[in-house]
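Encoded as structure tokens, the structure appears first; notes follow it.
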Amino acid sequence: MNPERSERIEIPVLPLRDVVVYPHMVIPLFVGREKSIRCLEAAMDHDKKIMLVAQKEASTDEPGVNDLFTVGTVASILQMLKLPDGTVKVLVEGLQRARISALSDNGEHFSAKAEYLDSPAIDEREQEVLVRTAISQFEGYIKLNKKIPPEVLTSLNSIDDPARLADTIAAHMPLKLADKQSVLEMSDVNERLEYLMAMMESEIDLLQVEKRIRNRVKKQMEKSQREYYLNEQMKAIQK
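Each residue of the sequence shown is one higher than the last, beginning at 349 in our numbering.
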């Protein structure tokens with residue numbers, strides 16, 4: 349079911365610790381809190397739809413209605429597995445951004461009245477330039493950050509939807525929770541791309557500095573090793 353953007357919904361809410369899930373993102377979550385498990389069970393009776401919302405503080409064990417952000421992602425539960433230790437592993441796929449208008453706690457789990465976020469009209473010419481620049485910048489970022497497999501860039505180049513492209517870039521960036529949430533709350537795709545480009549530029553600068561430092565340290569170590577080797581040779585000759 350593809351919901352209309354203007355549709356208002358009532359849906360179970362799953363609080364997440366230090367994780368922001370974007371539309372089109374498929375991610376496994378490990379759920380241990382009783383309330384959260386009950387939320388998943390309720391979602392299974394709710395067309396397997398659930399709203400994933402990040403906690404403002406990951407350290408809060410028992411969050412209340414004021415401890416969650418107001419923008420989250422409506423997701424579909426693809427798979428749910430109860431583990432021997434009592435926790436639940438759930439595979440979810442993000443579908444669409446939504447804003448909570450009313451969040452309630454019925455004692456069993458959180459439930460929200462929410463509305464899908466509209467994407468405002470955009471300058472398509474500007475967006476085309478932003479998309480090209482963002483992909484190019486992300487390519488430069490991947491070359492410096494060896495933790496991201498190069499296949500990610502290949503998959504990125506095959507994405508036609510600029511909104512999905514921006515969210516995919518955000519999902520692979522080492523952003524702080526507040527920054528991840530900021531990206532989620534941006535319904536304007538061009539604004540989202542510009543924000544991510546600024547973040548990438550900052551990360552690229554840091555990675556370049558790290559690379560220069562590593563190269564200096566490597567050269568110094570090689571110099572020290574050469575000097576040690578020469579000294580040992582001299583000692584051997586003098587014996």
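A virtual CB, placed ideally from N, CA and C, is assigned to each residue, including glycine.
Item                                                                                                                                                                          : Value
Quick check on the burial criterion: 16 or more other C-beta atoms within 10 angstroms. Buried or exposed for ILE398?                                                         : buried
Are VAL361 and CYS387 close, meaning C-beta to C-beta below 8 angstroms?                                                                                                      : yes
Report the residue from LEU523, ALA482, ARG473, GLU456 whose alpha carbon sits nearest the alpha carbon of LYS383.                                                            : GLU456
Is ASP527 helix, strand or coil when you go by DSSP?                                                                                                                          : helix
Locate the beta strand (DSSP E) running through THR421, then write down its first and last residues.                                                                          : 419-430
Do GLY434 and HIS372 have their C-beta atoms closer together than 8 angstroms?                                                                                                : no
Please look up how many angstroms separate the CB atoms of LYS396 and ILE357, rounded, as I've assumed it's under 8 angstroms.                                                : Contact doesn't hold; Cβ gap of about 14 angstroms is too wide.
Using only CA atoms, which one of ILE561, GLU499, ASP536, GLN427 lies nearest to ASP471?                                                                                      : ASP536
Compute the Euclidean distance between the alpha carbons of ARG353 and LEU555, then round it to the nearest angstrom.                                                         : For ARG353, the predicted model reports a pLDDT of 48, less than 50, meaning its position is unreliable and no value from the coordinates is stated.
If I'm right that LEU532 touches ARG445 with Cβ under 8 angstroms, what's the distance once you round it to whole angstroms?                                                  : 6 angstroms
Closest to ALA469 by C-alpha separation, out of VAL440, SER459, THR408, ASN538, would be which residue?                                                                       : ASN538
Which residues in the same chain as ILE507 place their Cβ atom closer than 8 angstroms to its Cβ, once the five residues preceding and following it in sequence are excluded? : LEU513, THR516
Just how far apart, CA to CA, sit GLU389 and VAL440?                                                                                                                          : 14 angstroms
Specify the secondary structure class of GLU456 as computed by DSSP and reduced to three states.                                                                              : coil
Excluding five sequence neighbours on each side, which residues of the same chain lie with their C-beta closer than 7 angstroms to the C-beta of HIS394?                      : ILE359, PRO360
Three or more beta-carbon pairs under 8 angstroms between the region 538-554 and the region 522-530, yes or no?                                                               : yes
To which residues of the same chain is ILE490 closer than 8 angstroms at the C-beta, ignoring the five residues directly before and after it?                                 : ILE496, PRO498, VAL500, LEU501
Closer than 8 angstroms, CB to CB, is ILE585 near chain C or not?                                                                                                             : No chain C is part of this structure, which consists of one protein chain only.
Compare the beta carbon distance of VAL379 and VAL422 with 8 angstroms and say whether it is the shorter of the two.                                                          : no
Can ALA511 and LEU544 be called in contact, C-beta distance under 8 angstroms?                                                                                                : no
Helix, strand or coil: which one does DSSP assign to MET534?                                                                                                                  : coil
If you draw a straight line from the C-alpha of TYR577 to the C-alpha of ASP509, how long is it?                                                                              : 58 angstroms
In three-state DSSP terms, what is MET399?                                                                                                                                    : strand
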